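If you read the sequence shown in full-length UniProt numbering, its first letter stands for residue 1, the second for the next number, and so on. Even for Gly, the Cβ is constructed at its ideal location relative to N, Cα and C. Please read all numbers here as calculations on a predicted model, not as lab measurements. Let me begin by presenting the structure, written as structure tokens, before commenting on it.
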Amino acid sequence: MPSKVSSRYWTVDRIMRLVIGLAIAAALIYLVRYLSNVLLPFFVACFIAYILQPIVDMNRRLTRTKGRVIPSILTLVDVTVVIALVVYIFLPSVIKELNTLGDILKSVSSGEVKLPKFGSLTVAFS
Numbered sequence: 001m002p003s004k005v006s007s008r009y010w011t012v013d014r015i016m017r018l019v020i021g022l023a024i025a026a027a028l029i030y031l032v033r034y035l036s037n038v039l040l041p042f043f044v045a046c047f048i049a050y051i052l053q054p055i056v057d058m059n060r061r062l063t064r065t066k067g068r069v070i071p072s073i074l075t076l077v078d079v080t081v082v083i084a085l086v087v088y089i090f091l092p093s094v095i096k097e098l099n100t101l102g103d104i105l106k107s108v109s110s111g112e113v114k115l116p117k118f119g120s121l122t123v124a125f126s
């Protein structure tokens, strides 16, 4: 025996669900845009925690502890040491290059060195 299925596609119930769904979506989009300055640090913190999770697990296995406090602190120390080493290794060359750039800019601005035609057009344009 065939079942009776409504032949109308757009019912009042369906339209109301669509309108309520669109209103909730619009409210969420407005709320996220309004709170974006507040929410951004939380999203960044969640991303950093997600990235550092394997290191915390590795430190947890190495220290053989059940808790996560000591491995988390050890992970922060590890990351701080790595960042300090990168800064220690690359900072002298960055300073040297910035000093060279400063000398070049001084010589160009004083007129000792002429810019090529393309460079002078670029400087004149800005």
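Item: Tell me whether residue 92 is buried or exposed, calling it buried when 16 or more other Cβ atoms sit within 10 Å of its Cβ.; Value: exposed
Item: Okay, do the segment 22–30 and the segment 41–56 touch, 3+ Cβ pairs below 8 Å being the bar?; Value: no
Item: Which ranges does the beta strand (DSSP E) cover as unbroken runs of at least 3 residues, wholly within the segment 19–58, from first to last along the chain?; Value: none
Item: Would you decide whether residue 80 is buried or exposed? Buried here means 16 or more other CB atoms lie within 10 Å of its CB.; Value: exposed
Item: Could you tell me which of 86, 106 and 57 sits nearest to residue 74, measuring between CA atoms?; Value: 57
Item: Cα separation between residue 95 and residue 101?; Value: 10 Å
Item: Could you check the C-alpha separation between residue 61 and residue 76 for me, to the nearest Å?; Value: 16 Å
Item: For residue 106, which three-state DSSP category applies?; Value: helix
Item: For residue 8 and residue 15, I'd like the C-alpha separation in whole angstroms.; Value: 12 Å
Item: Just the C-alpha distance for residue 59 and residue 13, rounded to the nearest angstrom, thanks.; Value: 55 Å
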